[in-house]
Every structure is written in structure tokens, then in C-alpha cells.
């Protein structure tokens, strides 16, 4: 009987160990499944993040290319404007030099008698007569009598 009890006790220990091992295996299986699910969700998250980064990078590249092309266009426009201003300045400088040379050449030659204008009419100062009645500055109504200084007379034509 002693052996039988010992065998029963050992069998009971084995059954308890088996039951504990089965529980441990089930617990490990559930933990393993949870870990696999976490890994899958992390893989999905990583893939989604990678795609978002690729999209963001593509958008940044596209925006950079747009900005670069706009900068190139504005640079070309500015360069064309500067070139036209330079050409105009060069033409103005050239024209000024030509005119200066022409003026110098004209001053070196004495004027010819045939090129001088000949007056066709002669008006001596005694013939020029200003009618004070038709001149508003000479009218008695407009002459300041108490003025300290007289107004400037009108120009004669």
C-alpha cells in the first residue's frame, strides 16, 4: 500500500504539473497571439507612416520644383529688363557721344554768311506803342496807389 500511495501521489503530482503546464501553454499562446496582433498593428502603422512620408516628400519635391521654376522665371525677366536697360543706356551714351562730337565739330567751323538768317522786317522802338487802355496793368483801376512796391510789369511780346 505504501507503494500504491506513493504512485498515486506521484500521479497526482504529474497531473497537477500537466494541468499547470497546459495552463502555462494556453497563457503563452494567448500572449503570443496578442504579441502577433501588436506586431501586425505596428507593421500597418509603419507602412501607413512610410506612405505618408513618401507622399509628403513627393509634395515637398513638387513644391520645391514650382518655387525653383518661379524663381528662374523671375530671374530671367529681371535679366531681360536689365539687358534692355543696359542697351538703352548704351544707346543713350552713344547718342550723347555722337551729339557731343557733332557739337564740337560745329563749333570748330565758323558760320557761313549764307547760313545766317536775314531779318525781313525791322521794327524800331519808336514804332512800338503800348495802348494803356487795352493793358490791364496800366488801367487806373488796377494801379495800386498805396503800395510800397510796384508789381512786376508784364512781359512784352
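In the numbering used here, the protein residues as written are 13 to 169.
All residues carry an ideal CB built from backbone N, CA and C; glycine is no exception.
From residue i to residue j, what distance separates their C-alpha atoms?
{"i": "residue 40", "j": "residue 52", "result": "18 Å"}
{"i": "residue 103", "j": "residue 109", "result": "10 Å"}
{"i": "residue 27", "j": "residue 45", "result": "26 Å"}
{"i": "residue 84", "j": "residue 70", "result": "21 Å"}
{"i": "residue 37", "j": "residue 61", "result": "35 Å"}
{"i": "residue 94", "j": "residue 107", "result": "19 Å"}
{"i": "residue 63", "j": "residue 99", "result": "53 Å"}
{"i": "residue 21", "j": "residue 43", "result": "32 Å"}
{"i": "residue 47", "j": "residue 15", "result": "46 Å"}
{"i": "residue 49", "j": "residue 23", "result": "38 Å"}
{"i": "residue 88", "j": "residue 67", "result": "31 Å"}
{"i": "residue 34", "j": "residue 19", "result": "22 Å"}
{"i": "residue 80", "j": "residue 97", "result": "25 Å"}
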